[in-house]
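Here's the structure, in structure tokens; my notes come after.
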Amino acid sequence: MRRRVKPRFAAKPSPARSRPDVAGHVISRRVDLPAVGVMLAADLWEPATHPRGTVVLMHGGGQTRHSWNRTGERLVRHGFRALSVDARGHGESQWAPDGDYSTDVMVADLLAIVGRLDQRPVLVGASMGGVTSLVALGEHGPFARGLVLVDVVANMRPEGVQRVRDFMLGAPDGFDSLEEVAAAVRSYTPHRRRAVDLDGLRKNVRRRQNGRWYWHWDPAWGGPDGMPDIDALRRRMEAAARSVHVPTLVVRGLRSDVTDDIGVRELVDTIPDARTIGVADAGHMLAGDDNDIFTATLQAFLDDLPAEPS
Numbered sequence: 001m002r003r004r005v006k007p008r009f010a011a012k013p014s015p016a017r018s019r020p021d022v023a024g025h026v027i028s029r030r031v032d033l034p035a036v037g038v039m040l041a042a043d044l045w046e047p048a049t050h051p052r053g054t055v056v057l058m059h060g061g062g063q064t065r066h067s068w069n070r071t072g073e074r075l076v077r078h079g080f081r082a083l084s085v086d087a088r089g090h091g092e093s094q095w096a097p098d099g100d101y102s103t104d105v106m107v108a109d110l111l112a113i114v115g116r117l118d119q120r121p122v123l124v125g126a127s128m129g130g131v132t133s134l135v136a137l138g139e140h141g142p143f144a145r146g147l148v149l150v151d152v153v154a155n156m157r158p159e160g161v162q163r164v165r166d167f168m169l170g171a172p173d174g175f176d177s178l179e180e181v182a183a184a185v186r187s188y189t190p191h192r193r194r195a196v197d198l199d200g201l202r203k204n205v206r207r208r209q210n211g212r213w214y215w216h217w218d219p220a221w222g223g224p225d226g227m228p229d230i231d232a233l234r235r236r237m238e239a240a241a242r243s244v245h246v247p248t249l250v251v252r253g254l255r256s257d258v259t260d261d262i263g264v265r266e267l268v269d270t271i272p273d274a275r276t277i278g279v280a281d282a283g284h285m286l287a288g289d290d291n292d293i294f295t296a297t298l299q300a301f302l303d304d305l306p307a308e309p310s
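Using full-length UniProt numbering, the first residue of the sequence shown is number 1, and each one after it goes up by one.
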């Protein structure tokens, strides 16, 4: 039986438990997590009573932990502790001093995070975060009690992957204004019906001394040397999937050009205890496209998980 200890997080000054603000939103607290040679920024939502479980939320490449804000709020209201982490080189996490953004080091970072928890978590990973979660659990499991993969499969569509990479590399000289950033986002996600929130965009860009706005991630991650070989990654993910023996949910955005029905079915057939669901009107950035539908699906999955032994 695993000894239960208090999670070891270095927290910024903040409330000890998540609580609603004046608008009714649940406030998370910022925590810093030591990983492999870097410190990772994270948001932690904790219920007032002993949590029903812990959910670790890993964002996609080019995203930040803030893509999970509404999910974290809903989970803590549902009785779960939620931990949303900025991957190395993303958001407010430190950039890798050696420029290492390989799958190996991303997996090692995740293992360091989980090693600080007092209970086996459920891993929820979108895109890059899903790759990390699947490989980690398949190669080092069973340290988690469930796995949720958000629009990620082993056999990804090359044209969709290339479109993601083109977007990441599309503005090396930055943007003149937040309006230009918003235009780039609208071009990449034309199916989204709501307007781009300029204030929200501030979490995804950084203003440098020259006055221009740049994406938040380390250019070493977004560059050609920071992207894994898609064929080698597919083989590794397929091997990892065969060794995953926890309940798994594969969520696909039905407008995604990175995944398709064939790739989802191949993955679900490979993982012994896996199921899938599609979300209409959502693309590859599914958590941001239709967060409420996704979160309701996640909550139903969590409710169905076997209880952990006390």
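Glycine included, C-beta positions come from ideal geometry on N, C-alpha and C.
Close CB contacts of P51 within its chain, under the 7 Å cut and outside five residues either way in sequence, are with G79, F80 and R81 (chain order). Note on geometry: alpha-carbon atoms of I113 and L33 lie some 7 Å from one another.
W45 and R157 have their alpha carbons spaced roughly 35 Å apart. Rounded to whole angstroms, the separation of the alpha carbons of I262 and Q299 is 26 Å. By the CB criterion at 9 Å, L254 and D231 fall outside the cutoff.
Spanning the alpha carbons of E266 and I277 requires a straight line of approximately 14 Å.
9 Å or more divides the Cβ of A126 from the Cβ of D109. With a cut-off of 8 Å on Cβ pairs, the region 156-174 is not in contact with the region 92-101, counting fewer than three such pairs.
Note that the C-beta distance between E308 and R116 is not below 9 Å. Note: R252 is bridge-paired with G278 in the DSSP secondary-structure output. By the criterion of a C-beta distance shorter than 6 Å, V56 is surrounded in its chain by L83, P121 and L123, once the five residues flanking it on both sides are discounted. Distances from the alpha-carbon of I293 to those of T71, G174, G170 and R236 put T71 closest. Here DSSP, grouped into helix, strand and coil, assigns M168 to helix. One thing to note: T54 has its Cβ no nearer than 9 Å to the Cβ of L147. Rounded to the nearest whole angstrom, the CA to CA distance from V246 to L178 is 43 Å.
The Cβ atoms of L149 and V250 lie closer than 9 Å to each other. A distance below 9 Å separates the beta carbons of V181 and V205. Apart from the 5 residues on each side of it in sequence, R275 sits with its Cβ closer than 7 Å to the Cβ of L249 and V268 in its chain, given in chain order.
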